[in-house]
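Data first, discussion second: the structure below is written as structure tokens.
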Amino acid sequence: MSVTATRVRRRPGADAIERPILVRVDRAIRVEERELRYQLACKDQHPLAEKAELLDVLAELEDRGLVESELCFRLTPAGRDRLAALGGKEGRAS
């Protein structure tokens, strides 16, 4: 039985695209997408900072085992209004 490694197809110029992303993620314990985009735009002038394609690059980095992601959730103003209509808060988690 042979073991075949899965190769993720990398786009041309990937090193130049990936390096600033990996540096920014490395500098934080965890970084939210919004903060990562801000850092890439303001400090690195990264071409993908404001584009949806950034998520594709991050997914590719995760597929290659270079970063980990997790989902985070927060209430929107509409969510807070709905919570208040349902009887309010029972206390905020810390």
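So for the sequence shown, the numbering used here puts the first residue at 27; every next one is plus one. Note that beta-carbon positions come from the ideal geometry of N, C-alpha and C, so glycine has one too. All values derive from a computational prediction rather than experimental measurement.
- Message: Out of ASP41, GLY105 and ASP70, which one is the CA nearest neighbour of ARG50?
- Response: ASP70
- Distance, Cα to Cα, CYS68 vs GLY113? 42 Å
- Message: Output needed for ILE57: all residues of its chain with C-beta closer than 7 Å, excluding positions within five of it in sequence on either side, in chain order.
- Response: Note that residue 57 is Val in the sequence shown, not Ile. For VAL57, where only same-chain residues beyond five positions count, the Cβ hits under 7 Å are ARG50 and VAL51.
- Is LEU101 helix, strand or coil when you go by DSSP? coil
- Tell me whether ILE55 sits in a helix, a strand or coil according to DSSP, three-state version. coil
- Message: Given this structure, state the Cα-to-Cα distance separating ALA54 from LEU74, to the nearest angstrom.
- Response: 19 Å
- Message: Could you check whether GLU94 and GLU86 sit closer than 8 Å to each other, using their CB atoms as the reference points?
- Response: no
- Task: Using alpha carbons as the reference points, say which of ARG108, LEU81 and PRO46 lies closest to GLU130.
- Result: This structure gives no information on residue 130, because the portion of the chain shown stretches from 27 to 120.
- Query: Where does LEU109 sit, in a helix, a strand or coil, going by DSSP?
  - Reply: helix
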